[in-house]
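To start, the structure itself, in structure tokens.
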Amino acid sequence: SVCVFKCTINSDTECSRVGKQSFIVTLGCNSVLVQFATPADFCSFYNIIKGCRRSSSDKSVFSERTEESSAVQYFQFYGYLSQQQNMMQDYVRTGTYQRAILQNHMDFKDKVVLDVGCGSGILSFFAVQAGARKVYAVEASTMAQHAELLVKSNNLTDRIVVIPGKVEEVALPEQVDIIISEPMGYMLFNERMLESYLHAKKFLKPNVKKSHLQVILLRVLSFPFRYQPSFHGVDLSALRGAAVDEYFKQPVVDTFDIRILMAKSVKYTVNFLDAKETDLHRIEIPFSFHMLHSGLVHGLAFWFDVAFIGS
């Protein structure tokens, strides 16, 4: 190959996008127009350029709402292959996603799909299995490199395009028909990935499929603390009170026996199609409970259901 033009680009460089797949750079009195073979090639280049030109005062939507130290820790965590392995080996989770996509294959056939926070790219592969024409897999952590390797090793570079970066900061070659993602955290809203998911709607074509969420709140009776009155000959029951207090000082991520519920659940629904990113900046869920029996209340229990309303 022959290098015909070489320059350094930073936040002060005069440059701009031209059309769908061209880029112009001006240095002094000289300007160079770079044209790419495909919109996808251009977007790969353009996303890199945007990262180079972003100054400390030029913050994206993601950067404005997230502390830098938290973002670094978050993406570092999801950049570990061991963490991706843990999620993929949750066979109920992975199998449910695959069935939701493949059983609605008519919604994916010949469609353009955006995978937000693709991780290893497993959902992108499912979308291709369902007949998607093109999948743009966006991933901000270093896992993007591993996803790219998987795409190449599975001979799907013509169907899946991995785009490193945050969905708030990248560009796509075209609008998409469907957004897929796994944005749910503890109590649904933890990790604030849902905001990125809703932000990605700017890439959607009109008349897309709906996805609904239901958050279920329940009032919970005293949690059955597991203790042994005779543990290797030692009575530990004196620690029960302190242990229960410590247990309920922070959110408990666990399953529980439904018989400890003191009231019927209250439902709160979020429609992904209508919801906006800013709707999640302040969340108010009104609720009242009709107690079914008396007892000591230790807290509220939350769980959620997610549904893809496909064909």
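Heads up, my numbering is the position in the sequence shown plus 308, with the first residue counted as 1. For every residue, glycine included, the Cβ atom is placed at its ideal position computed from N, Cα and C.
Point to revise | Supposed close pair Glu503, Glu585 - CB separation, criterion 8 Å | key: The C-beta distance from Glu503 to Glu585 rounds to 5 Å, short enough to fall under 8 Å.
Practice item. Determine the contact status of Leu422 and Val459, defining contact as a CB-CB distance below 8 Å. Key: Cβ distance not < 8 Å, so Leu422 and Val459 don't count as in contact.
Check your understanding: How many Å lie between Gly549 and Lys557 at the Cα?
Key -> Roughly 13 Å between the two C-alpha positions.
Check your understanding: Within this structure, are the beta carbons of Val420 and Glu482 separated by less than 8 Å?
Key -> Contact: yes.
Check your understanding: Which whole-angstrom value describes the C-beta separation of Val470 and Ala455, a residue pair presumed to lie in contact below a C-beta threshold of 8 Å?
Key -> About 5 Å separates the two Cβ atoms, so the contact holds.
Exercise for review: Going by DSSP, name the residue or residues bridged to Asn338.
Suggested key: In the DSSP output, where bridge partners are listed per residue, Asn338 has Leu335.
Check your understanding: Taking Cβ positions, are Lys509 and Asp485 nearer each other than 8 Å?
Key -> In terms of Cβ geometry, Lys509 and Asp485 do not form a close pair [threshold 8 Å].
Practice item. Output the distance between the C-alpha atoms of Glu322 and Val342, rounded to the nearest integer angstrom. Key: For Glu322 and Val342, the distance between alpha carbons rounds to 14 Å.
Review point. Buried or exposed: which applies to Cys426, given that a residue is buried once 16 or more other Cβ atoms fall within 10 Å of its Cβ?
Key: Counting Cβ neighbours within 10 Å, Cys426 comes out buried, since at least 16 surround it.
Exercise for review: Tell me where the beta strand (DSSP E) around Ala508 begins and ends.
Suggested key: Careful: Ala508 lies outside any beta strand (DSSP E) and carries neither H nor E.
Practice item. Decide if Leu525 is buried, meaning its Cβ has at least 16 other Cβ atoms within 10 Å, or exposed. Key: Note on Leu525: pLDDT 48, under 50, position unreliable in the model; no value is reported.
Exercise for review: Take the Cβ of Asp415 as the centre, count every other Cβ of all protein chains shown within 10 Å, and call the residue buried at 16 or more, exposed below.
Suggested key: The residue is buried, with at least 16 neighbouring Cβ atoms inside 10 Å.
Review point. Residue range of the beta strand (DSSP E) that Asp423 falls in?
Key: Going by DSSP, Asp423 is part of the beta strand (DSSP E) stretching over Val420 to Val424.
Check your understanding: Helix, strand or coil for Ser352 per DSSP?
Key -> DSSP places Ser352 in helix when its eight states are reduced to three.
Check your understanding: For Glu592, which of Tyr576, Asp582, Ile357 and Ser390 has the nearest alpha-carbon?
Key -> The candidate whose alpha carbon is nearest that of Glu592 is Tyr576.
Check your understanding: Looking only at its own chain, which residues have a Cβ that is under 8 Å from the Cβ of Ile633, when we skip the five neighbours before and after it?
Key -> Residue 633 is absent from the structure shown; the chain starts at 309 and stops at 619.
**Study point:** Every unbroken beta strand (DSSP E) within the region 403 to 473, with a cutoff of 3 residues, ordered by chain
**Key:** The beta strand (DSSP E) runs lying completely inside the region 403 to 473 and spanning 3 residues or more are 420 to 424, 442 to 447 and 468 to 472, given in chain order.
Exercise for review: Less than 8 Å between the CB atoms is what I'm expecting for Leu431 and Ile488, so what's the real figure, rounded?
Suggested key: Between Ile488 and Leu431 the Cβ distance is about 5 Å, and since that is below 8 Å, they are a contact.
Practice item. Under 8 Å Cβ to Cβ from Phe533, same chain only, skipping five residues before and after it: list those, please. Key: For Phe533, the predicted structure reports a pLDDT of 41, less than 50, and the residue's modelled location is therefore unreliable. The matter cannot be settled from this model.
**Study point:** Check whether Arg407 and Val436 have beta carbons under 8 Å apart
**Key:** No. Outside cutoff.
Review point. From which residue to which residue does the beta strand (DSSP E) around Arg288 run?
Key: The requested residue 288 is not part of the displayed model; the chain covers only 309 to 619.
**Study point:** Minimum C-alpha distance to Val561 - residue among Phe610, Tyr444 and Lys474
**Key:** Ranked by Cα distance from Val561, the first of Phe610, Tyr444 and Lys474 is Phe610.
Point to revise | Local conformation of Met396 per DSSP, three classes | key: Here Met396 sits in helix by DSSP.
Point to revise | Bridge partner(s) assigned by DSSP for Gly549 | key: Answer is none; Gly549 lacks a bridge partner.
Exercise for review: Go to Asn318, then tell me how far its beta strand (DSSP E) extends in each direction, as first and last residue.
Suggested key: Where Asn318 is concerned, there is no enclosing beta strand (DSSP E), given that its DSSP letter is neither H nor E.
Point to revise | Residue span of the beta strand (DSSP E) that contains Val620, given as start and end | key: As displayed, the chain neither begins before 309 nor continues past 619, which places residue 620 out of reach and without an answer.
Check your understanding: In angstroms, rounded to a whole number, what distance separates the CA positions of Asn463 and Phe433?
Key -> The straight-line gap separating the alpha-carbon atoms of Asn463 and Phe433 is approximately 11 Å.
**Study point:** Backbone CA spacing between Thr402 and Met396 [nearest angstrom]
**Key:** Across the structure, Thr402 and Met396 are spaced so that their CA atoms are roughly 6 Å apart.
Review point. Mind checking Tyr399: buried by the 16 CB within 10 Å criterion, or exposed?
Key: Looking at its Cβ environment, which holds fewer than 16 other Cβ atoms inside 10 Å, Tyr399 is exposed.
Point to revise | Range of the contiguous beta strand (DSSP E) that encloses Ile486 | key: Counting along the chain, the unbroken beta strand (DSSP E) around Ile486 starts and ends at Ile486 to Ser489.
Check your understanding: Where does Tyr535 sit, in a helix, a strand or coil, going by DSSP?
Key -> Because Tyr535 carries a pLDDT of 49, less than 50, the predicted location of this residue cannot be relied on, and the following value inherits that uncertainty. Tyr535: coil per DSSP, three-state reduction.
Exercise for review: Flag this pair as yes or no: are the beta carbons of Val475 and Val424 separated by less than 8 Å?
Suggested key: Yes.
Exercise for review: Could you tell me the distance, in whole angstroms, from the CA atom of Asp349 to the CA atom of Lys417?
Suggested key: Straight-line measurement puts the Cα of Lys417 at about 24 Å from the Cα of Asp349.
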